[in-house]
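> This is the structure I want to talk about, given as structure tokens.
Numbering (our numbering), first residue to last: 912 to 1056.
Rendered as structure tokens:
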């Protein structure tokens, strides 16, 4: 009887050990990314982040240069048409009738403009004239009341 128990115990240990070995083999055979791939992806992401940061800094520099050039252009630009010619073009644009309230000269997006404010009937017109060629760039109107 002792021999049967020992043999049975050995068999149980053998079977249990085999199952345990099989489980260990299965768990270690699961596909896992190789460490080199993780380092390579991380390195690529780091390079892209660095390039993005450089491009953002370059964009900010270019934006600052553009703003400085636009400010300088606005300060030194001289209109090709007179304020009177701009007012006449604005009045013609709204039908020829109205009282001119104000005329301003300013730069917008690198273009020198006259802003002419005209009141006629119950409307306030804002007409924007290109100061270089006299064309109407845009026009807006609002109720006065």
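Ideal Cβ placement from N, Cα and C applies to all residues, glycine included.
On a Cα-Cα basis, can you pick out the residue from 1028, 1031 and 1039 that is closest to residue 1018?
Taking the first residue of the chain shown as 1, we reach residue 1018 at position 107. Closest option to residue 1018, Cα to Cα, is 1039.
> Less than 8 Å between the C-beta atoms of residue 1035 and residue 1055, yes or no?
Locating residue 1035 in the chain shown gives position 124, where the first residue counts as 1. Locating residue 1055 in the chain shown gives position 144, where the first residue counts as 1. Taking 8 Å as the Cβ cut-off, residue 1035 and residue 1055 qualify as a contacting pair.
> Express the C-alpha separation of residue 967 and residue 961 in angstroms, rounding to a whole number.
Taking the chain shown and counting its residues from 1, one reaches residue 961 at position 50. Taking the chain shown and counting its residues from 1, one reaches residue 967 at position 56. Distance between the alpha carbons of residue 961 and residue 967: 10 Å.
> Taking C-alpha atoms, which residue in 1015, 993 and 1005 lies nearest to residue 1031?
Within the chain shown, residue 1031 is the residue found at index 120, counting from 1. Nearest option by C-alpha distance: 1005.
> Considering only residues of the same chain and omitting the five flanking positions on each side of residue 1000, which have a CB-CB separation below 7 Å?
The count along the chain shown starts at 1 and reaches residue 1000 at position 89. Around residue 1000: 1040, 1045 and 1047.
> Put residue 1031 into one of helix, strand or coil per three-state DSSP.
Here residue 1031 refers to the residue found at position 120 when the chain shown is read from its first residue. Strand, per DSSP.
> Could you tell me how far apart the beta carbons of residue 1063 and residue 1015 are, in whole angstroms, since I believe they sit closer than 8 Å?
For the chain, the structure presents residues 912 to 1056; residue 1063 sits outside this window and is missing.
> Using 10 angstroms around the beta-carbon of residue 1002, count the other beta-carbons present and answer buried if the total reaches 16, otherwise exposed.
Within the chain shown, the letter at position 91 stands for residue 1002. With 16 or more Cβ atoms within 10 Å of its Cβ, residue 1002 is classed as buried.
> Extract the residue ranges of the alpha helix (DSSP H) inside the segment 959-1033, only unbroken runs of 4 or more that lie entirely within it.
You should have 994-1004.
> Sorted by chain position, which residues of the same chain lie with C-beta nearer than 7 Å to residue 1013's C-beta, five sequence neighbours on each side aside?
As a working note, residue 1013 is residue 102 in the chain shown. So the qualifying residues of the chain are 1028.
> Between the Cα of residue 1037 and those of 1021, 1010, 1043 and 1020, spot the shortest distance and give me the residue it belongs to.
Numbered from 1 along the chain shown, position 126 holds the residue referred to as residue 1037. Nearest of 1021, 1010, 1043 and 1020 to residue 1037, Cα basis: 1010.
> Taking C-beta to C-beta, are residue 994 and residue 970 nearer than 8 Å?
Position 83 of the chain shown holds residue 994. Position 59 of the chain shown holds residue 970. Against a cut-off of 8 Å, the Cβ pair of residue 970 and residue 994 comes out as no contact.
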